[in-house]
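Residue numbers (numbering that gives the first Met the number 0), protein chains in the order written: chain A, 0 to 511; chain B, 0 to 654.
Using N, Cα and C, we set each Cβ at its ideal position, and we do this for glycine too.
Since the model is a prediction, treat every value here as computed from it, not as a measurement.
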Amino acid sequence: MTFPWLTTLIAVPALGAALTALVPAGRGRLAKQVAIAFSLVTLAVAIAVIAQFELGGDRYQLAEQHVWIEPLGIHWALGVDGIGVALIALTAVATPIVALAMWPEAEAERRDPKPFFALLLLVEGMILAAFLAKDLLLFYIVFEAMLIPLYFMIGMYGGPQRRYAALKFLLYNLFGGLVMLAAVIGIYVQSVDAGNPSFLLTDLMALDIGADAQRWMFLGFMLAFAIKAPLWPFHTWLPDAAAEATPSNAAFLSGVADKVGTFGMIALAVPLFPVAARDFAPVIVVLAVISIVYGALLAIGQTDMKRLIGYTSISHFGFIVLGIFALTDRGATGATFYMVNHGLSTIALFVVVGFLISRRNSRLVADYGGLQKPAPKLAGVFLFAGLSGLALPPLATFLSEFLVIAGTFERYRAAAVIATGGIVLAALYILWLYQRTMTGPVRDDAAGTRDLGRREIAVVAPLIALILAIGIFPRTVVDVIDDGVGPTLAEVEVDVPPPLVTVNDLVEGNDQ
Amino acid sequence: MNSINSLSQGFAVQADVVRADTVQVVQEASGLFSWTWLLIALPLVGAAVLLLGGRRLDRTGHLIGSAAAIGSFVVAVALFIALLGESGGERSYLVPLWEWFNAGGYEVRVDLLLDQLSMAFVLLITGVGSLIHIYSIGYMEHDERRRRFFGYLNLFVASMLLLVLAADYLILFIGWEGVGLASYLLIGFWQHKPSAAVAAKKAFVVNRVGDMGMVLAIASMLVVFGSSSFEVVFAGAGSGVTTGWLNAIGLLLLLAACGKSAQFPLQSWLLDAMEGPTPVSALIHAATMVTAGVYLVVRSAAIYDLAPEARTAVVVIGAITLLMGAIIGCAKDDIKKALAGSTMSQIGYMMLAAGLGPAGYAFAIFHLITHGFFKANLFLGAGSVMHGMNDEVDMRRFGALRAAMPVTFATFALGYLAIIGLPPFAGFFSKDKIIEAAFAENILIGICALLGAGITAFYMTRVMLLTFFTSKRWADDAHPHESPRVMTWPLIGLGALSVAGGAGLLYIGGGIVDWLEPVTGEEHHDLPLPLALLIALTLTTVVAGVALAWFMYQRRPVPAVAPAGNPLVTAARRDLYGDAVNEAVLMRPGQYLTRSLVYVESRGVDGAVLGAANAVGGLSSRWRRWQTGFVRSYALTMLAGAGLVVIAMLLVRLP
């Protein structure tokens with residue numbers, strides 16, 4: 000019997016959550032240390048898992064399968080493909096960074112930090128389970144269950160409107176989840192009809208489902224995922240949650256947790272319902288393009304920094320969805336790559352804005368100005384995070400955005416052209432934000448603003464290093480993702496026309 | 000010699016284009032050539048050290064930065080000498096570095112291509128770049144952020160070298176955006192000035208509009224060729240692609256070029272970019288970065304050769320911009336803005352020449368290089384004047400400075416003679432070639448180019464007279480003095496190049512036209528009029544421009560405040576309403592759209608949902624009354640939900 004690596008990967012953060020919760024009240028510092036230690040152990044396990052992943056190997060590797068509820072065909076089934084590898088890497092890297100960033104925020108809140116750290120680890124375990132689940136019901140359970148700890152994380156810590164934002168978040172996502180439940184049951188009925196009741200993804204993907212049934216179930220799944228990874232017009236919970244949650248929680252929410260939605264699209268909705276995915280692709284492409292432009296324009300119009308970054312995420316989620324539903328290899332690879340890079344980049348932005356807020360206790364752009372003079376390092380990392388947000392090459396975000404645009408251009412020319420307009424708008428919202436907060440004369444009340452401290456540098460340095468390293472040497476990451484995207488798209492059976500001119504023969508013909 | 004691949008030049012043969020007899024072969028680099036990456040690595044490491052090194056490098060930062068640039072120049076010279084040792088058809092080396100990525104069969108490698116064209120640019124960038132680094136030691140001496148300034152300059156040099164050495168459009172784009180970033184950082188270097196911060200942002204955003212063209216051009220290449228490497232794209236262009244696609248790619252690349260090179264209609268950022276320190280204006284916004292668009296067009300010769308409509312567009316854009324820039328240059332009282340208008344105009348000449356195809360590519364690059372010499376010279380001269388005049392830029396506050404700053408005056412005069420195109424100074428040879436080629440192509444285009452030469456002579460004479468001649472109009476606290484040697488020596492070097500650069504490049508050895516011919520091809524059209532007559536005509540026009548300026552500014556007193564002018568003057572002072580148009584067509588509607596969307600978002604999209612949320616919110620607050628916390632209620636909800644799931648599944652299972 001081989002070691003259950005994937006179960007371990009889920010169990011470690013779950014155990015960490017339990018232990019953190021057991022830390023006696025009033026020992027906040029110990030709770031933080033326990034939580035950060037467990038998030039680092041989780042990272043180590045994740046690295047061990049990734050190291051064992053073989054390119055070109057089985058579709059789902061390190062698979063584990065145990066019958067859970069036999070008569071219903073429910074399994075504790077885990078496995079990982081290239082898409083999963085990319086996302087567990089993101090989750091495992093992001094969690095300790097978020098925990099470290101939360102450290103002083105919790106102190107500023109004057110609220111017991113213990114619940115936050117325990118919930119953070121709990122959600123991490125659930126997110127990892129969602130990325131690893133190869134049983135639809137298992138996925139559904141963690142997909143829904145993670146709403147509760149996230150609800151408390153938003154509702155207990157953060158701005159004055161946090162309860163409202165938390166409730167909005169919960170209602171939106173519960174609603175989507177309920178509709179999805181109907182579709183989950185629907186596909187299960189199909190497997191019953193086929194004589195093999197099962198929730199295993201491999202079984203469900205093998206089903207031959209009629210086009211009409213596919214369409215209804217696809218819509219059920221997509222509604223839940225489009226709310227989770229907010230797609231226009233289901234997005235309005237995100238800006239509120241981003242604005243009201245603490246910066247590190249907002250970072251975790253839009254950087255990591257929401258990726259479960261886009262993951263669901265590419266890893267579940269598309270391969271389970273290929274006919275419907277093909278049929279609805281043009282509609283979703285339109286919504287994605289609207290998201291890109293709408294999110295960017297709204298970001299330009301914001302006066303609250305965190306809300307602004309929330310809207311940039313809506314724009315970026317538009318790119319991710321666009322890449323997935325272009326249904327081309329480049330588009331889907333770019334979209335998955337984008338999920339990772341958007342995670343790193345958005346976490347960097349939220350965290351740095353959190354640094355700003357911790358200095359002047361305001362989220363409003365208008366309360367800042369000229370900070371680059373007293374705090375040049377802070378301005379530097381702010382600009383770096385911003386440039387990553389506007390996808391400047393060779394930062395990691397660039398390649399993913401380019402692959403999405405190029406992959407979309409293969410099939411939907413107009414959509415790709417409009418989406419490209421997003422790169423202009425991105426420059427506008429990022430650089431205008433930078434201009435208003437960091438440049439200009441130093442305000443009298445800002446002259447003594449502290450520059451980055453050591454702990455703050457420790458939070459952003461790994462993000463900056465990763466964004467640079469992945470951007471300059473993206474090959475391994477892209478190979479791994481491509482390895483997972485290939486078989487997923489193969490389920491959809493769409494043809495992308497080959498290049499009009501094949502010059503390889505021509506070029507190689509001249510080899511001597 | 001490993002794999003020997005024939006590049007574009009072999010394939011893109013059109014009936015009326017005479018290409019090199021021998022097909023240019025690209026060889027895998029060995030020996031010295033495999034060290035080409037050092038060109039980029041030196042300034043890149045310099046930038047990293049300077050930007051991350053912190054305060055302890057404040058006292059040596061400028062030396063480290065200059066050493067990195069000079070080191071890169073030394074490598075460039077060594078490579079050039081080595082290339083000279085090869086025969087004409089074998090001067091193209093591919094330097095493989097690493098595979099960037101491979102996504103679904105789209106492979107991009109980080110390779111460098113050192114050939115005649117990139118070599119010419121590398122020498123210009125590192126040579127002029129080194130001189131400007133040295134000059135900046137003096138110019139930025141009293142700036143407490145000098146270390147950072149040199150870090151940004153090094154970053155710029157590294158990015159620009161990557162731009163011209165890349166062997167794949169996507170890698171070129173990295174350099175392209177890198178120079179954009181450096182330009183942004185340096186325009187906004189004095190960030191405490193709001194005008195500098197705004198100008199920096201404007202430059203970046205306008206360039207991004209051009210970048211859309213680049214991104215879509217590369218996306219089109221993927222659809223058509225399945226690759227963005229020069230090798231595949233150039234080979235593929237000549238093998239049965241429809242003209243429609245080639246025109247589309249050509250026009251998209253032109254859009255990119257318009258952004259970077261400040262060509263109409265994306266010209267508006269360049270004048271504002273003069274907010275940056277003057278050495279930046281000289282290096283980035285005159286000599287090198289803004290010519291990247293011309294490089295892009297010439298490098299893409301294989302595409303443009305077969306895309307006649309796109310080429311026509313390049314010519315037309317070039318002609319419009321050369322006149323626009325020249326007219327704007329006539330009306331500016333700010334010495335740097337007058338020179339910036341001139342830069343636009345001169346790049347318009349290069350674009351025009353590049354659009355003429357093989358008949359003009361080499362002349363575009365020739366003018367680009369001589370312009371790099373004399374425009375850097377003029378900008379640094381202007382900087383030297385400002386340095387001696389308490390950073391004054393208004394030429395109406397200058398006058399009669401030739402005695403106070405003799406070296407600056409003498410070198411500036413050499414640059415002046417070069418740009419107006421008097422023989423035997425550099426600009427005469429390069430601009431004259433473009434005017435010839437323009438006349439050979441089309442008489443109307445020729446007249447535009449000729450007219451531009453006259454206007455150039457006018458506005459440059461105006462700058463010269465207002466600054467160094469006429470009468471003193473100095474501010475009361477002005478004590479003009481010559482700049483230190485660390486600034487005047489680079490001026491002398493550039494002054495010498497402004498004199499000898501033109502004839503030297505044209506006649507020494509085979510000259511630059513022969514040097515570039517394996518990359519750009521060659522083509523001759525017959526002139527509609529005798530060459531001697533054309534040269535006489537050009538010189539007459541130039542002399543007329545000089546004379547007009549002499550009568551307007553030397554013979555009459557210059558008012559210290561600009562008089563109201565006629566509508567053309569007003570228009571030129573306002574940059575021919577470029578900003579006004581942008582504001583009316585893009586900015587104001589954009590602001591309106593954004594504001595109304597923010598309103599709709601809060602009232603419409605969200606409002607509907609909010610109604611439902613309020614209803615449920617009311618419900619939940621009622622729950623709160625009978626229950627102490629949320630935990631239990633939601634646990635209950637979850638339990639009920641889970642029960643529902645189980646029941647539903649049992650029901651399904653039963654039959």
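Each residue's CA atom was taken as its position, placing P246 (chain A) and V352 (chain A) some 7 Å apart. In the DSSP annotation of this structure, the continuous segment of the alpha helix (DSSP H) that includes L592 (chain B) starts and ends at 587-599. Using a Cβ-Cβ cut-off of 7 Å, A244 (chain A) is close to nothing in chain B; its nearest Cβ partner there is about 16 Å away. Residue-level contact by beta carbon holds for V214 (chain B) and chain A, with a gap shorter than 7 Å. One thing to note: L343 (chain A) has its Cβ within 7 Å of the Cβ of I466 (chain A). Taking the Cα of V392 (chain B) as reference, the smallest distance to any Cα among B:E582, B:R472, B:S29 is reached at B:R472.
By the C-beta criterion, the segment 111-129 of chain A is judged not to be in contact with the segment 281-294 of chain A, since fewer than 3 inter-stretch pairs fall below 8 Å. Burial is judged here by how many other beta carbons sit within 10 angstroms of a residue's own beta carbon; N153 (chain B) has at least 16 and is buried. At a cut-off of 7 Å between C-beta atoms, E98 (chain B) counts as an interface residue with respect to chain A. With a threshold of 7 Å between beta carbons, G103 (chain B) makes contact with chain A. Annotation: the continuous alpha helix (DSSP H) that includes S344 (chain A) extends over 328-359. The contact set of K372 (chain A) on chain B, defined by CB atoms closer than 9 Å, consists of Q190, H191 in chain order.
Neighbours of Y156 (chain A) in chain B, taken as residues whose beta carbon is under 8 Å from its own, are absent, since the nearest beta carbon is some 15 Å off. If you check the CB distance, V178 (chain A) and G219 (chain A) come in under 7 Å. For the segment 223-239 of chain B, the beta-carbon criterion of a distance under 7 Å to any beta-carbon of chain A is satisfied by V223, F224, G225, E230, V231, A234, G235, S238, G239.
Counting only residues of its own chain and dropping the five nearest sequence neighbours on each side, V141 (chain A) has a CB closer than 6 Å to the CB of M125, A128, A129. Cβ neighbours of V66 (chain A) within its own chain (closer than 7 Å, five residues either side excluded): H74.
Three or more Cβ pairs closer than 8 Å define a contact, and the segment 133-142 of chain B meets that threshold against the segment 56-68 of chain B. In the three-state reduction of the DSSP assignment, P489 (chain B) falls in the helix class, which pools H, G and I. Following the DSSP letters along the chain, one finds S91 (chain B) inside the beta strand (DSSP E) bounded by residues 91-102. Taking a Cβ-Cβ cut-off of 9 Å, the neighbours of D210 (chain B) in chain A comprise T419, I422, V423, A426, given in sequence order. Scanning its chain for C-beta atoms nearer than 6 Å, with the 5 sequence neighbours on each side dropped, one finds around H234 (chain A) the residues I313, in chain order. Around the Cβ of P529 (chain B), a 10 Å sphere holds fewer than 16 other Cβ atoms; the residue is exposed. At least one CB atom of chain B sits nearer than 7 Å to the CB of Q434 (chain A). Listed in chain order, the alpha helix (DSSP H) runs fully inside the segment 513-592 of chain B are 530-548, 566-572, 577-581, counting runs of at least 4 residues. Using beta-carbon distances, D303 (chain A) does not count as an interface residue toward chain B, since no partner is under 7 Å. In chain order, Q434 make up the part of chain A whose C-beta sits under 8 Å from the C-beta of V197 (chain B).
Taking the Cα positions, A295 (chain A) is about 31 Å away from L575 (chain B). When DSSP states are grouped into helix, strand and coil, I68 (chain A) belongs to the strand group.
Restricted to the segment 197-235 of chain A, not a single beta strand (DSSP E) segment is unbroken, complete and at least 3 residues in length. Residue state for D80 (chain A) is assigned as coil, using DSSP reduced to three classes. Interface criterion not met: the Cβ of R214 (chain A) is under 7 Å from no Cβ in chain B. Interface annotation, A218 (chain B): in contact with chain A, CB-CB separation under 7 Å. With 16 or more other Cβ atoms from the protein chains shown falling within 10 Å of its own Cβ, T125 (chain B) counts as buried. For V458 (chain A), no beta strand (DSSP E) encloses it; the enclosing alpha helix (DSSP H) starts and ends at 453-471. Within the segment 452-473 of chain B, no residue has its Cβ closer than 8 Å to any Cβ of chain A.
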